[in-house]
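Asker: I'd like to ask some things about the structure below.
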Amino acid sequence: QAQNCHNCPMRGVCHSGQGNRIVEVNHLLREHKQAAKQRLNTEQGIKYRKRRPADVEPVFAQLKHNHGFRRFLLKGMSKTEVEIGLWSIAHNLRKWKA
Numbered sequence: 001q002a003q004n005c006h007n008c009p010m011r012g013v014c015h016s017g018q019g020n021r022i023v024e025v026n027h028l029l030r031e032h033k034q035a036a037k038q039r040l041n042t043e044q045g046i047k048y049r050k051r052r053p054a055d056v057e058p059v060f061a062q063l064k065h066n067h068g069f070r071r072f073l074l075k076g077m078s079k080t081e082v083e084i085g086l087w088s089i090a091h092n093l094r095k096w097k098a
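Numbered per full-length UniProt numbering, the sequence shown spans residues 1 to 98.
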């Protein structure tokens, strides 16, 4: 919970309310982002980035345009993982049938 915010240099950036509020900061996120960026800038990462538009994006376009997938119906990471898994199975079955 926010405490001692009166002298904090980040007060205006962190929150604008007058009362206390709970603020969670994930310090590891920046490190993970930097590591991911470094991996993407390697030779293998560049190869994967070039391949992504041909491999992944048409699947998303197919799901959105032909099957009406716009947003997840369930909430929570584990439930959305199941939902996208079911969409993926359906997509693969359609490809297999064709």
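We treat Cβ as the ideally placed atom computed from N, Cα and C, and that holds for glycine.
Owing to the predicted nature of the structure, the values given are computational and were not obtained by experimental measurement.
1) Taking the CB atoms as reference points, tell me whether L86 and T80 lie closer together than 7 Å.
2) If you reduce the DSSP assignment to three classes, tell me which class K75 lands in.
3) Give me the Cα-Cα distance between S88 and G68, rounded to the nearest whole angstrom.
4) Helix, strand or coil, according to DSSP, for G68 in the structure here?
5) Less than 7 Å between the C-beta atoms of G45 and R39, yes or no?
6) Given a cut-off of 7 Å on the beta-carbon distance, is the pair F72 and E57 in contact?
7) What first and last residue would you give for the alpha helix (DSSP H) that runs through E31?
Answerer: Concretely, from the data shown:
1) no
2) coil
3) 14 Å
4) coil
5) yes
6) no
7) 27-40
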